[in-house]
Amino acid sequence: MSRKEKAEATRAELVEIAYRIVREEGVQALSSTRIIQRSAISQGGFFHHFPQMQDLYLHMLDLMIQGMESDLNPSQFRTFPALVRASADYTMNLLENSPEVITILFVFFSQCNHNEEYRNRLKTLVEGALERWTDGCAHFFPDLSRERKNRIVRILDMYFGGLSLHYMVFRDPKTYCRITEEFAAMLINEITLNGSTSRAAASKKSRGAETFGARREDRS
Numbered sequence: 746m747s748r749k750e751k752a753e754a755t756r757a758e759l760v761e762i763a764y765r766i767v768r769e770e771g772v773q774a775l776s777s778t779r780i781i782q783r784s785a786i787s788q789g790g791f792f793h794h795f796p797q798m799q800d801l802y803l804h805m806l807d808l809m810i811q812g813m814e815s816d817l818n819p820s821q822f823r824t825f826p827a828l829v830r831a832s833a834d835y836t837m838n839l840l841e842n843s844p845e846v847i848t849i850l851f852v853f854f855s856q857c858n859h860n861e862e863y864r865n866r867l868k869t870l871v872e873g874a875l876e877r878w879t880d881g882c883a884h885f886f887p888d889l890s891r892e893r894k895n896r897i898v899r900i901l902d903m904y905f906g907g908l909s910l911h912y913m914v915f916r917d918p919k920t921y922c923r924i925t926e927e928f929a930a931m932l933i934n935e936i937t938l939n940g941s942t943s944r945a946a947a948s949k950k951s952r953g954a955e956t957f958g959a960r961r962e963d964r965s
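This is the structure we're talking about:
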């Protein structure tokens, strides 16, 4: 095993131990000290890989994003509603079977509010993911501008962030599956309506320009 592979294996072990602590003892028990106690890794070894707990949280978020991008790659879906439904199933399955993943992220997000360095690193990580998703979703909306596609992806991301919070409170998958279907329909209708309005406005503007040009020719 190469040095890089050993480092990756160690980080993976530390991540799994962190999740296990939250599952078995609650998020309030999670700390570098507790992780070191439950692992075969020295204090120096832990801080070599993760100088601060926030570095561990960032790594966990990065892994979660990688997993979502692999399992929910937009290119695998023919329609946008199909992607939304699959994203809902993925999110609720994660919340049902591995709630510690989201719990830890909420803790990290709250801590970032008071730490500009990690808030900026978090922003960079999430911005990169949103940009990749914007590119991945391009085939759903070929007539829309990139800026508009990016806003749609952000709306989707905001929805599933809110869904995670609601699901942890209400634990009602049937209700939230129905709400997600309604959300997807509303978003598609809004996109379609705006797209039609924009095309109509552009067509009207084009016709107006042609008429104006013709009038100028008539006057000349």
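Taking the working numbering, the leading residue of the sequence shown gets 746, the next gets one more, and so forth.
We treat Cβ as the ideally placed atom computed from N, Cα and C, and that holds for glycine.
Limits of the alpha helix (DSSP H) - the one that F854 falls within: The residue given as residue 854 occupies position 109 in the sequence shown. F854 -> alpha helix (DSSP H) spans P844 to C857.
A752 by DSSP, collapsed to three states: which one? Translated into the one-based positions of the sequence shown, residue 752 becomes position 7. Three-state DSSP puts A752 in a helix.
Residues of its chain near L870, where Cβ-Cβ distance is below 8 Å and the 5 sequence neighbours each way are ignored: Looking up residue 870 in the sequence shown gives position 125. Taken in chain order, the residues that qualify are L803, L806, D807 and I810.
Same chain, Cβ closer than 7 Å to I936, neighbours up to 5 away in sequence not counted: Within the sequence shown, numbered from 1, the residue matching residue 936 stands at position 191. Around I936: F886 and I897.
Going by beta-carbon coordinates alone, are R756 and H794 separated by less than 7 Å? Numbered from its first residue, the sequence shown carries residue 756 at position 11. Numbered from its first residue, the sequence shown carries residue 794 at position 49. Going by C-beta atoms, R756 is nearer than 7 Å to H794.
Got a sec? Which residues, its chain only, sit under 7 Å from D816 by beta carbon, not counting five neighbours each side? In the sequence shown, the residue the question calls residue 816 occupies position 71. Excluding positions up to five away in sequence, the list reads Y835.
Is the region 837-850 touching the region 887-894 in the sense that three or more CB pairs, one from each, lie closer than 8 Å? no
So, does the region 857-869 touch the region 919-939, judging by three or more C-beta pairs under 8 Å? no
How many whole angstroms separate the CB atoms of W814 and R877, which I take to be in contact at a CB cut-off of 8 Å? Counting from one through the sequence shown, the residue named residue 814 turns up at place 69. Counting from one through the sequence shown, the residue named residue 877 turns up at place 132. Position check: residue 814 holds Glu in this sequence, whereas Trp was assumed. Confirmed, about 7 Å.
In this structure, does DSSP put S832 in helix, strand or coil? As a first step, residue 832 must be located in the sequence shown, where it is residue number 87. Helix at S832.
Mind checking V767: buried by the 16 CB within 10 Å criterion, or exposed? Along the sequence shown, one-based indexing puts residue 767 at 22. Burial call: buried.
Once you ignore the five residues that flank Q788 on each side, which residues in its own chain have a CB closer than 6 Å to its CB? As a working mapping, residue 788 is identified with position 43 in the sequence shown. Excluding residues within five positions, the ones whose Cβ falls inside 6 Å are I781.
Is A752 buried or exposed, if buried means 16 or more other CB atoms sit within 10 Å of its CB? Translated into positions along the sequence shown, residue 752 becomes position 7. Answer is exposed; the Cβ neighbour count stays below 16.
Between which two residues does the alpha helix (DSSP H) carrying G906 extend? For the purposes of this step, residue 906 is identified with residue 161 of the sequence shown, where counting begins at 1. It spans R891 to F915 - the alpha helix (DSSP H) in which G906 sits, taken as one unbroken run.
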